[in-house]
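*Asks:*
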Amino acid sequence: MRFFPYDQPYENQREAMDRIHNSLTRGQDVLFEGACGTGKTLSSLVPALEVAREQDKTVVITTNVHQQMRQFVAEARAITREENVRAVVFKGKGSMCHIDVGYEECQALRDNTRAIVDTERDKRQLERRQRELLAESQDGDGSAADARSAVMDELESIEDRLEDLEEQNVCDYYRNNLTADTDEFFAWLFEDVRTPEEIYEYAESQEFCGYELLKEGIEGVDLVVCNYHHLLDSTIREQFFRWLGRDPEDVIAVFDEAHNVEDAAREHATRTCSERTFDSALDELAETDDPRSEDAANVLSAFHRALVETYEDSFGFGDRAAQRGADSTSGRGPRAREQIGENWTDVPIANDDRRDDLTLEFLQRYSGQGIDGDLEAAMKLGQELDEEYEEAYREGETATRTECQTLQAAAFVSAWMNDGAKEGLYPVVSVTRDAGTDEVYGRAELYTCLPRQVTGRLFEEVYATVLMSATLQPFDVTEDVLGLENPVTMAYGLQFPEDRRRTYAVETPPLFSSDRDDPAVQETVGETIHDAVRMTPGNTLAFFPNYAEAERYADRLERRADATVYLDEPGVAVEDLRTEFVADDDAVLCTSLWGTLAEGVSFDGDDANTVLVVGVPYPHLDDRAEAVQEAYDAAFEGTETGWRYAVEIPTVRKTRQALGRVIRSPEDVGVRALLDSRYSRSAKSELGRYSVNGTFPHEEREELIDIDPEKLKFAMLNFYGDHDAYDGEPPTP
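My numbering puts the first residue of the sequence shown at 493, with every later residue one more than the last.
(1) Do the segment 710-719 and the segment 520-533 touch if we need at least three Cβ pairs shorter than 8 Å?
(2) Please report the distance separating the alpha-carbon of LYS585 from that of ARG686.
(3) Hey, quick one: how far does the beta strand (DSSP E) through ASP838 stretch, first residue to last?
(4) Cutting at 6 Å between CB atoms, please list the residues of its own chain near TYR803, excluding the five before and the five after it.
(5) List the whole-angstrom C-beta distance separating LEU873 from ASP968, where the pair is believed to meet the contact cut-off of C-beta under 8 Å.
(6) With 16 as the cutoff for other CB atoms within 10 Å, does GLY737 come out buried or exposed?
(7) Give the DSSP-derived three-state secondary structure of ARG763 in the structure shown.
(8) Taking PHE678 as part of the alpha helix (DSSP H), name the residues at either end of that continuous run.
(9) If we count the other Cβ atoms within 10 Å of its Cβ and call it buried at 16 or more, is PHE795 buried or exposed?
(10) Which ranges does the beta strand (DSSP E) cover as unbroken runs of at least 3 residues, wholly within the segment 1008-1038, from first to last along the chain?
(11) Hey, SER1169 and PRO1001 are a contact pair by Cβ (cut 8 Å); roughly how many whole angstroms apart?
(12) Less than 8 Å separating the beta-carbons of PRO497 and MET509?
(13) Might you give, ordered along the chain, the residues of its own chain that have their beta carbon closer than 8 Å to the beta carbon of GLU999, omitting 5 neighbours on each side?
(14) Verify whether the separation of the beta carbon atoms of LEU705 and PHE677 is less than 8 Å.
(15) Could you work out which residue in ALA913, ARG1008, ALA1079 is closest to ALA1123 when comparing CA atoms only?
(16) Looking at the strands, I want to know which residues DSSP matches up with CYS718.
(17) Below 8 Å, can you find three or more Cβ-Cβ pairs linking the segment 598-615 to the segment 735-751?
(18) Specify the secondary structure class of PRO1142 as computed by DSSP and reduced to three states.
(19) With DSSP as the reference, label ASP1198 as helix, strand or coil.
(20) Taking one C-beta from the segment 742-753 and one from the segment 871-890 each time, how about it: are there three or more such pairs within less than 8 Å?
(21) Leaving out five residues on either side along the sequence, give the residues of the same chain with a beta carbon under 8 Å from the beta carbon of PHE1206.
(22) When you compare the CB positions of VAL1184 and THR1143, do they come within less than 8 Å of one another, or not?
(23) Would you report the Cα separation of ARG569 and GLY709, rounded to the nearest angstrom?
(24) Which one or two residues does DSSP pair with GLU525 in a beta bridge?
(25) Please list, in chain order, all residues of the same chain as ASP725 whose beta carbon is under 6 Å from its beta carbon, the five residues on each side excluded.
(26) Label TYR955 either buried or exposed according to how many other C-beta atoms from any shown protein chain fall within 10 Å of its C-beta, with 16 as the threshold for buried.
(27) Hey, which unbroken runs of the beta strand (DSSP E) at 3 residues or more fall wholly within the segment 747-804?
(28) Classify LEU938 as helix, strand or coil using the three-state DSSP reduction.
(29) Between the Cα of SER1094 and the Cα atoms of THR1071, TYR1110, ASP1115, which residue gives the shortest distance?
(30) Okay, do the segment 899-906 and the segment 858-873 touch, 3+ Cβ pairs below 8 Å being the bar?
(31) Would you kindly report the start and end of the unbroken alpha helix (DSSP H) that includes THR1226?
(32) Could you tell me whether the segment 551-568 touches the segment 655-668, using the rule of 3 or more Cβ pairs below 8 Å?
(33) Let me know the secondary structure DSSP gives TYR687 once reduced to three states.
(34) Could you say which of PHE854, ALA884, GLU971, ARG602 lies nearest to ALA936 if we only look at CA atoms?
(35) Of the residues VAL1154, GLU1194, ALA637, which one's Cα is nearest the Cα of LEU626?
(36) Indicate the three-state DSSP secondary structure (helix, strand or coil) for ARG616 in the structure shown.
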């Protein structure tokens, strides 16, 4: 309890802390599901800090949700008021650079700057030695005169080198790090838990590089708050642990919102290469007279032509399409070039019985001494060119650090040929349209289907982990998907009074995509939403399977004019919309279950009283989703494992996350309603695999009350009336 910053834990919080402490002491991983009110952050962080103190470890707590980062900072600050804990908040370099340069440029600038500072130091030492020898020679020491002559020669050489170095690109902020007194900065840094924004502003005021000082200062700290990529990207993780001064087995990792780790791991493992990278690589090779450039261009141009041919074929314009007839299309991608927008659109290329279409096209188009030999030549030439670009930037010959496109393209083609057919990897081609030029271009991608190929190694390396979320169950699926070995599991439901909430499974028609345009379905669903909004004494959150459905029913509600309607739209920042909505007291906010408001955002107190989940938010079941299902089917045993692991369980987790936006404290009164008969217990026998009732954890299923759509308004009226929630006369049913 020495790290617990408040008077008393919540109910069950002490038990959770004890269990997590015991597990971490034994080096075990923990899966911890806790509803709002469990105090998950402190339940995990307090025992992790205790074990770290006992066993000389460092705690790294990580999230991919910005609001949770702020919560971690608040909790860490509270802990430091009670116990001496050195804590830092770490963010990526891109958000903390004062001169806005990329990683490679930064590396070159730092090397140059350090070389100048070191040379200037050497010069000062030689000058001091020269003065000492001069004094000795004037006192009659003959050997001192000879020694001084040698020092003068060396000093002249140093001055020439320094003159050359001063023509190179340097970073003045980093130079100040090396030459100025930074003690005051570090004293300020550890007076409190500083956010990256605070570090940036303070460093800017002192003309320091805050990011590099933070890297220098995190060695030996007790607690680090960071983003997912610091742990999920293996290259960054290795560097990050080195900055901490820790081996992996000395780190306790705590993942917040851990239901997101699956998708985040895929994102970090997936490799892509754009057609434009190949264009640039070929231009680069054309400008060099190195004899290896011909072999490199031979293999890269063949892959480039194959990439273009593959997506052109999906439009019906490629060579193979022409063989079938100019007005024919492959039927495996976008039907027309004109339909391509600014978002990436997949052109499926995988085959069941042979390599993918892009590989086959590449093999058909390639002619030369051998793909492996040409790729080796491209890689070696690319590495040398990359070194030349770095040297040119270092010497001040170029204003920016050029990235070697040949090296990037060759590395990708090598990975494509060597790994493209491996289990768990799905090859795909995508196309997009450049908004500025209206040009359509493509990219190749090796999509990672099995997250455990990333996370399994991480969990093996570190001392122990805690994965916490409000939606981790079923635990056996989380174990399989992420590659955990025999973790300790624990789950705590809502600790708030049950009589202050109701959860309904409203038996409106199932919103299958094929039925969403049915006027009768729209009328029933729309009327039920309208009833729920009218009966809510305050604001209503309404989540839909996508933004189009949110807009459809927002329009219907606006025509009824019973409440102010707010519509969340894709690609629009939601913070202003949320602020305006919560300031209202009789409004409805319509949004997508796949938007940013569905998780990690709290609607406390009177911000929202009712939450509606309309429909079952199945993801778009495209070829990638099918590939993930097939990979799970192959990796794990069981009937329809792929569907359950890749579609059904993530979908219900998304629904549960949305339900958790309200009922955030013991004083809250609210209704949570699922509008779709697939959620009801009574429809399980009729809907078969499409029923999702059984996918909810047992204790949550027990709270679900099946109800007919026309009875929802009466049930809500009675519930809110019993709690005196209406201000004045209750609405008329």
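Beta carbons: idealized from backbone N, C-alpha and C, even for Gly.
*Replies:* Taking the definition as stated:
(1) Not touching, per the Cβ criterion.
(2) In a straight line, the C-alpha of LYS585 is about 16 Å away from that of ARG686.
(3) For ASP838, the uninterrupted beta strand (DSSP E) run begins and ends at 837-840, by DSSP.
(4) Cβ-Cβ distances below 6 Å link TYR803 to VAL839, VAL921, VAL923, GLY934 in the same chain, with the five nearest sequence neighbours on each side left out; the list follows chain order.
(5) Their Cβ separation, rounded to whole angstroms, is 50 Å, which puts LEU873 and ASP968 out of contact at 8 Å.
(6) So GLY737 counts as exposed.
(7) Three-state result, ARG763: strand.
(8) It spans 675-681 - the alpha helix (DSSP H) in which PHE678 sits, taken as one unbroken run.
(9) Label assigned to PHE795: buried.
(10) The DSSP assignment places 1032-1036 as complete runs of the beta strand (DSSP E) inside the segment 1008-1038, in order along the chain (cut-off: 3 residues).
(11) SER1169 to PRO1001, Cβ: 7 Å. Contact.
(12) It is not a contact, given that the beta carbons lie outside the stated cut-off.
(13) Closer than 8 Å at Cβ, skipping near neighbours: SER1169, SER1172, SER1174, ALA1175, ASP1198, ILE1199, ASP1200, PRO1201.
(14) Against a cut-off of 8 Å, the Cβ pair of PHE677 and LEU705 comes out as a contact.
(15) In this structure, ALA913 is the residue among ALA913, ARG1008, ALA1079 with its C-alpha nearest to the C-alpha of ALA1123.
(16) Partner(s): THR554.
(17) No: fewer than three Cβ pairs fall under 8 Å.
(18) In the three-state reduction of the DSSP assignment, PRO1142 falls in the helix class.
(19) Assigned with DSSP and collapsed to three states, ASP1198 falls in strand.
(20) Contact between the segment 742-753 and the segment 871-890 is absent: fewer than 3 CB-CB pairs across the two stretches fall below 8 Å.
(21) Result list for PHE1206: PRO1225, in chain order.
(22) For VAL1184 and THR1143, yes; Cβs fall inside 8 Å.
(23) Near 18 Å, if we compare the C-alpha coordinates of GLY709 and ARG569.
(24) In the DSSP output, where bridge partners are listed per residue, GLU525 has SER961, ALA983.
(25) For ASP725, same chain residues with a beta-carbon under 6 Å away, outside a window of 5 residues either side, are HIS760 in chain order.
(26) Buried.
(27) If only uninterrupted beta strand (DSSP E) runs of at least 3 residues are considered, those enclosed by the segment 747-804 are 763-766.
(28) If DSSP states are grouped into helix, strand and coil, LEU938 belongs with the strands.
(29) For the residues THR1071, TYR1110, ASP1115, the minimum Cα distance to SER1094 belongs to THR1071.
(30) In short, these stretches touch, since the Cβ pair count reaches three.
(31) Nothing about residue 1226 can be read from this structure; the chain reaches only from 493 to 1225.
(32) Of all C-beta pairs linking the segment 551-568 to the segment 655-668, fewer than three are shorter than 8 Å, placing the two stretches out of contact.
(33) A quick correction: the sequence has Thr, not Tyr, at residue 687. Three-state result, THR687: coil.
(34) Among PHE854, ALA884, GLU971, ARG602, the Cα nearest to that of ALA936 is on PHE854.
(35) If we check each option's Cα against that of LEU626, ALA637 comes out closest.
(36) Residue state, collapsed to three classes: helix.
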